[in-house]
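First the structure, in the form of structure tokens, and then the observations on it.
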Amino acid sequence: MSAHQTYVKLSEEKLISKSDILLLLKTYNCYHEGKNFQLRTREEDGELVLEGLLNIYWGLCRPIRLQMYDDNERFRFSRFTVAKQVSAESNNNSLDRDTGPAGGDVGGQDEDDSPQLLRTRSDASFMRVQRRSKTHTARDLQRLRTHRFSINGHFYNHKTSVFTPAYGSVTNVRVNSTMTTGQVLNLLLHKFRVENKAEEFVLYMVHESGERTRLRDGEYPLVTRVLYGPCEKISKIFITEADLGEEVTYDVSMGFVPLLFFYLVRVTSFLFFSLFFL
């Protein structure tokens, strides 16, 4: 029996046995029972392939640039919606019938087919503003075009196409276990039409202890996620800038704990002395 039939790749150099990964997968899917994050398996050319949604947390310190290729389409749609709104109001109809579906579409994060940022950064955000005001002049429409919206904690400027993801907010992409770190990054950036190059970013596994491990280009993030377990309170995958990211080993992260404890003891002692003896 060939190696690719009995092992699954963790990286170009490391392998994990098929039986071990299936055991970990069983635990992973039990944790996500009844949710969209359960992973499926299939055989491809005799090789076991896992596929499903992978959560990635935003850890960027600088804004990113989004493509503006759909601006004309967006505002044509918005003007059409305003026209429908005026017509509906003249017939004493509810505005919610026209704008409800788009507004109700905001905020879901379990389905990767409807990206949060793409969906909310254009029509839905424009229409949410509409619902707070019944009529719009040409000046109002121009102001809305250039307004810097806050969307679920994110900020997007329609005029400059600059987007600031809220630190620690989560998105997801549908991937499989044969996709490398670079491919997952490209998929995430393509999903949100990010103009920045994939080489500007890296993925890190960030642990509750403070340990930070970079996912190398030859690693497979979905397999790594299964290997570290399903609980994201213990470990999360973050996207960060390549020039700002820094690995933190387990020893260093654990060494910080007694140092912090020592610092807190000193501060507490100083405050106690100040309150009772001065």
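In terms of numbering that gives the first Met the number 0, the sequence shown opens at residue 0 and continues consecutively. For glycine and all other residues, C-beta sits at the position ideal for the given N, C-alpha and C.
Coil, strand or helix - Y6 by DSSP: Of the three classes helix, strand and coil, the one that applies to Y6 here is strand, per DSSP.
For S234, collect the residues of the same chain with a Cβ closer than 8 Å to its Cβ; drop the 5 residues on either side in sequence, then sort them by chain order. Cβ neighbours of S234 within its own chain (closer than 8 Å, five residues either side excluded): M204, V205, H206, E207, Y227, G228.
Could you spell out the range, first to last residue, of the alpha helix (DSSP H) harbouring K17? From DSSP, the alpha helix (DSSP H) with K17 extends over 17 to 30.
Kindly identify the DSSP beta-bridge partner or partners of K235. DSSP output for K235 lists V205 as bridge partner(s).
C-alpha distance - R215 paired with I236, whole-angstrom precision: Their Cα atoms are separated by approximately 13 Å.
Just to confirm the assignment, what range does the alpha helix (DSSP H) spanning L221 have? Its alpha helix (DSSP H) spans residues 220 to 227.
Using 8 Å as the threshold, is the C-beta distance between L186 and V201 below it? No, these two residues do not count as a Cβ contact at 8 Å.
Counted within 10 angstroms of its Cβ, other Cβ atoms place K8 as buried (16 or more) or exposed: It counts as buried.
Under the DSSP definition of a beta bridge, which residues are partnered with V183? DSSP lists no partner for V183.
Euclidean distance between Cα positions of E50 and E199: About 26 Å.
From V174, T177, I238, V169, residue whose alpha carbon lies closest to that of A197: Among V174, T177, I238, V169, the Cα nearest to that of A197 belongs to I238.
Buried or exposed for G58, going by 16 or more other Cβ atoms inside 10 Å? Burial is judged here by how many other beta carbons sit within 10 angstroms of a residue's own beta carbon; G58 has at least 16 and is buried.
Beta-bridge partners of L52, as assigned by DSSP: Checking the DSSP bridge columns, you'll see L52 partnered with R173.
Straight-line gap, F191 to P164 (C-alpha atoms, nearest Å): One C-alpha to the other measures close to 11 Å.
Just the Cα atoms here: how many angstroms apart are H31 and R138? Looking at the two C-alpha atoms, the distance is approximately 49 Å.
If I follow the unbroken beta strand (DSSP E) through F191, where does it start and stop? That residue, F191, is in no beta strand (DSSP E); it is neither H nor E in DSSP.
Straight-line gap, E11 to T180 (C-alpha atoms, nearest Å): For the pair E11 and T180, the Cα-to-Cα distance works out to about 12 Å.
Once DSSP output is grouped into helix, strand and coil, what is the label at R138? Reduced to three states, the DSSP call for R138 is helix.
Sort out for me which residues DSSP pairs L38 with in a bridge. Looking at the DSSP assignment, L38 forms no beta bridge with any residue, so it has no partner.
Between V169, I55, V225, which has its C-alpha nearest C29's C-alpha? Per the Cα distances, V225.
Collapsed DSSP secondary structure at E210 in the structure displayed: Of the three classes helix, strand and coil, the one that applies to E210 here is coil, per DSSP.
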